[in-house]
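Worksheet: the structure to be examined is printed underneath.
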Amino acid sequence: MIFYLLTKFRLFFVLIFCIVCLGHSQQAFAQEDERDVQVAFSLEDCLRYAYDNLEALKKQQLTVKATNAQVKEYVSVGLPQISAQAQITNNSIIQRQILPDGTLLGGPPGPIAVQFQPLYVAQAAVNISQMIYDPSYPIGLKGVRLFRDLTERQAEFAKVDVAESVAKTYYLVLISKERIKLIDQNISRLDTLLRETKELFSTGFVEQIDVDRTEVSLNNLKIERESTIQIIATTMQLLKFQMGMPVNNPISLRDDLSKIKIDSTWLAFNETDYTDRQEYDLLMRQRGLLEVDLQNKRATGMIPSLRAFGSLGVNSGGTFSQITNRNRWFEFAFVGLSLNVPITNGGKTSALVQKARIELDKNQLDLQTLERTFDFQVQQAYTKLKNSLALLEARKRNMDLAKEVTRVAKIKYENGIGSNLEVVTAETTFKEAELNYQLTMYDAIVARIELEKALGTLVK
Numbered sequence: 000m001i002f003y004l005l006t007k008f009r010l011f012f013v014l015i016f017c018i019v020c021l022g023h024s025q026q027a028f029a030q031e032d033e034r035d036v037q038v039a040f041s042l043e044d045c046l047r048y049a050y051d052n053l054e055a056l057k058k059q060q061l062t063v064k065a066t067n068a069q070v071k072e073y074v075s076v077g078l079p080q081i082s083a084q085a086q087i088t089n090n091s092i093i094q095r096q097i098l099p100d101g102t103l104l105g106g107p108p109g110p111i112a113v114q115f116q117p118l119y120v121a122q123a124a125v126n127i128s129q130m131i132y133d134p135s136y137p138i139g140l141k142g143v144r145l146f147r148d149l150t151e152r153q154a155e156f157a158k159v160d161v162a163e164s165v166a167k168t169y170y171l172v173l174i175s176k177e178r179i180k181l182i183d184q185n186i187s188r189l190d191t192l193l194r195e196t197k198e199l200f201s202t203g204f205v206e207q208i209d210v211d212r213t214e215v216s217l218n219n220l221k222i223e224r225e226s227t228i229q230i231i232a233t234t235m236q237l238l239k240f241q242m243g244m245p246v247n248n249p250i251s252l253r254d255d256l257s258k259i260k261i262d263s264t265w266l267a268f269n270e271t272d273y274t275d276r277q278e279y280d281l282l283m284r285q286r287g288l289l290e291v292d293l294q295n296k297r298a299t300g301m302i303p304s305l306r307a308f309g310s311l312g313v314n315s316g317g318t319f320s321q322i323t324n325r326n327r328w329f330e331f332a333f334v335g336l337s338l339n340v341p342i343t344n345g346g347k348t349s350a351l352v353q354k355a356r357i358e359l360d361k362n363q364l365d366l367q368t369l370e371r372t373f374d375f376q377v378q379q380a381y382t383k384l385k386n387s388l389a390l391l392e393a394r395k396r397n398m399d400l401a402k403e404v405t406r407v408a409k410i411k412y413e414n415g416i417g418s419n420l421e422v423v424t425a426e427t428t429f430k431e432a433e434l435n436y437q438l439t440m441y442d443a444i445v446a447r448i449e450l451e452k453a454l455g456t457l458v459k
């Protein structure tokens, strides 16, 4: 019977073990399938993901939380401060006091040494203090709140560089993918040309060098295609790194470069508003902190402060047996006011106020420098975009012209009045024109991103 039960239990545990293993296997397969799912990201999706997951931005948010705690810490200074304490002291060797005449205490005449302190002293009390008026408190509270706002703006400002880098890399991937499409079209054309050239060679109408020349051009395109694929893979990893995403996560890009309208409307923008730039806003908030600091320097050295305090407790003294007797504990209580009136500190307050004013003057100079810097950056970005758009238009005309030359060269070749060299040369020129057009398109997109950054409109 025991053997039968043991066998049943063993089968039961084996069954449980198999179920657990099956569950873990299904979970592992589910996680693997989840990793293999490719999610399509638009540029806005990439930016949102970066804002939520990039470690540098997370640290900024933690800094914001820390400043919120700092505000609460400072607020607590103006609230009642309550504490409790208990103390027992053993006066092992009691200090003696010399009295000039012992007869005062019923002793012999002449000086006498006596002890006034008990062997044990015990005390327990609850103490309370409350700020009634301190000019530095509301000023300091305003200062920490301004600092919190400044930290929040710094967290937002950190998004600007992230948005710039992510956008540039995102469009670089799109440009590279468009490059693959053009290469595939060129490969298809050259592959057709190679077959036709081989047929003409077999009938004796062209030489072997014509076949070899076409095949070399085709092989170069295939090599360029593989190189571009590697560039796309590397750039995608860079994009995921800039987003704060694990580089092994499979993603695809949703936006279509052909739907992006690049024209002179990109040059239209409103008049420069310095307050749109977060650097300017940060300096203005720093100026607010400096003004609060100046007020605090004045108040600390010139205006009185008033505090209330009080205590309620019990005490006892004597031998150890006496202090353990509850009937020998005596209550006490007191309340009071403490007034602190600054009179003079040797000119320290005046020096601190002067220093605070100098910091304000320096901040004003920083604002003026920043305004000139913004004007320069906007003008530089505008000029770069304008030149890129003009060059893009020229590249477009050149590409269309090269395409037409290639078409005519192929027709002439098919009709026996053109050479294979002419066709291959036209194809090579057309390929270079396409590449130059795509590179200039990317330069125009980058210039637009830099202009939006200079205007302070890159991050809404």
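Heads up: the sequence shown at position 196 corresponds to 195 in numbering that gives the first Met the number 0, and the numbers run straight through without jumps. The beta carbon of each residue, even a glycine, is placed where N, CA and C say it ideally should be.
Helix, strand or coil for V76, going by three-state DSSP, please let me know. helix
Check whether the stretch 167 to 187 and the stretch 442 to 459 are in contact - that is, three or more C-beta pairs closer than 8 Å. yes
If I follow the unbroken beta strand (DSSP E) through M130, where does it start and stop? Y119 to Y132
Is the beta carbon of K167 closer than 8 Å to that of Y518? No answer is possible for residue 518: the residues shown for the chain start at 0 and end at 459.
Helix, strand or coil for G203 per DSSP? coil
One or two residues paired with R297 in a DSSP bridge: DSSP, once it has assigned bridges, lists no residue as partnering R297.
Tell me the DSSP secondary structure of I174 in three-state form. helix
Measuring only the C-alpha atoms, how far is A27 from Q153? At A27 the pLDDT is 43, less than 50, meaning the model places this residue with poor confidence; the figure from the coordinates comes in the next sentence. Going by the C-alpha atoms only, they are around 41 Å apart.
Candidates A307, R286 and S387, of which the one nearest I357 by Cα: R286
L220 (DSSP reduced to helix, strand or coil): helix
Would you mind reading off the limits of the beta strand (DSSP E) that contains R447? No beta strand (DSSP E) contains R447, which is instead part of the alpha helix (DSSP H) from N419 to L454.
Exposed unless 16 or more other CB atoms sit within 10 angstroms - verdict on T405: buried
Identify which residue in Q367, G316, L390 and D272 has its Cα closest to the Cα of K452. D272
Alpha-carbon spacing of P99 relative to P110, whole angstroms: 4 Å
Quick check: what's the CA-CA separation for E321 versus Q86? Correcting the residue identity first, residue 321 is Gln in this sequence and not Glu. The straight-line gap from Cα to Cα measures roughly 16 Å.
Cβ shell of K385 (< 8 Å), same chain only, five flanking positions each side left out: L266
Shortest alpha-carbon distance to N67 belongs to which of V143, V215, Q116 and T343? V143
Cα separation between R297 and T348? 7 Å
Spatially closest choice to T466 from N90, E155 and Q69, by CA coordinates: Nothing about residue 466 can be reported from this structure: the residues present for the chain run from 0 to 459 only.
Three-state secondary structure (DSSP) of A355: helix
Return the first residue and the last residue of the beta strand (DSSP E) that E43 is part of. Here E43 belongs to no beta strand (DSSP E); instead the alpha helix (DSSP H) covers L42 to N52.
Alpha carbon to alpha carbon, how far is Q129 from V76? Give it in angstroms, no decimals. 9 Å
If you draw a straight line from the C-alpha of P79 to the C-alpha of S310, how long is it? 13 Å
Since E330 sits in a beta bridge, which residues does DSSP pair it with? V313
Can you grab the Cα-Cα spacing for the pair Q376 / R396, in whole Å? 30 Å
For I250, the first and last residue of its enclosing beta strand (DSSP E): I250 to L252
Could you check what DSSP says for F268 in three-state terms: helix, strand or coil? coil
Ordered along the chain, which non-local residues of its own chain (more than five positions away) have a Cβ less than 8 Å from that of L288? G142, L145, F146 and L149
What three-state label does DSSP hand G142 in the structure shown? helix
Which residues share a DSSP beta bridge with L336? A307
Within the same chain, show all residues whose beta-carbon is closer than 8 Å to that of V161, passing over the 5 residues directly before and after it, in chain order. L46, A49, Y50, L53, A55, L56 and Q241
Hey, would you say T213 sits closer than 8 Å to L193, going by beta carbons? yes
Once you ignore the five residues that flank Q37 on each side, which residues in its own chain have a CB closer than 8 Å to its CB? P249, I250 and S251
Quick check: I179 and R224, are their CB atoms within less than 8 Å of each other? yes
Cα-Cα separation between K58 and G243, rounded to whole angstroms: 13 Å
For I127 and L366, I'd like the C-alpha separation in whole angstroms. 47 Å
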